[in-house]
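*Asks:*
Structure (structure tokens):
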């Protein structure tokens, strides 16, 4: 999970579900229950491509970084509450399976 995504998740948890949810998430990161995935150098061009292609959403760098990493890793399962963006984007690996 790229640092940008961790930051956004923590913000959303804190503002929508409260500090307790934020603390649990941070604890899961610290204990290794969740593993972060850095943005790889080649991902940046794909991120730029996606942000430009979906400028009318607007998609944004954070969501585009999730899609670029999922394509690189061949993972179609995306945990998100942002169905508006992820249900529109055409991934290079096919349909994204949005969870939960």
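Numbering (UniProt numbering), first residue to last: 1 to 100.
We put the beta carbon where it would ideally sit given N, CA and C, even for glycine.
#1: Assuming residue 37 contacts residue 69 (C-beta within less than 8 Å), just tell me the rounded distance between them.
#2: For residue 80, collect the residues of the same chain with a Cβ closer than 7 Å to its Cβ; drop the 5 residues on either side in sequence, then sort them by chain order.
#3: When every heavy atom of the ligand PLP is checked, does at least one fall within less than 8 Å of the C-beta of residue 61?
#4: Along the chain, which unbroken stretches of the alpha helix (DSSP H) at least 4 residues long are found entirely within the stretch 61 to 99?
#5: Assuming residue 47 and residue 76 form a contact by the criterion Cβ under 8 Å, report the distance between their Cβ atoms to the nearest whole angstrom.
#6: Measuring CA to CA, which of 21, 95, 14, 12 is closest to residue 74?
#7: Tell me whether residue 11 sits in a helix, a strand or coil according to DSSP, three-state version.
#8: Take the Cβ of residue 63 as the centre, count every other Cβ of all protein chains shown within 10 Å, and call the residue buried at 16 or more, exposed below.
#9: Buried or exposed: residue 9, going by 16 or more other Cβ atoms within 10 Å of its Cβ?
#10: Out of 90, 43, 25, point me to the one whose CA is closest to residue 35's CA.
*Replies:* Concretely, from the data shown:
#1: 5 Å
#2: 86, 98
#3: Of the ligands one can find in the structure shown there are none, so the ligand PLP has no counterpart to examine.
#4: As far as the stretch 61 to 99 is concerned, its whole alpha helix (DSSP H) runs of at least 4 residues are 61 to 73, 83 to 86.
#5: Actually they do not touch by this definition, with Cβ atoms about 18 Å apart.
#6: Of 21, 95, 14, 12, the residue nearest in Cα terms is 95.
#7: DSSP, read as helix, strand or coil, puts residue 11 in helix.
#8: buried
#9: buried
#10: Residue 35 has its Cα closest to that of 25, out of 90, 43, 25.
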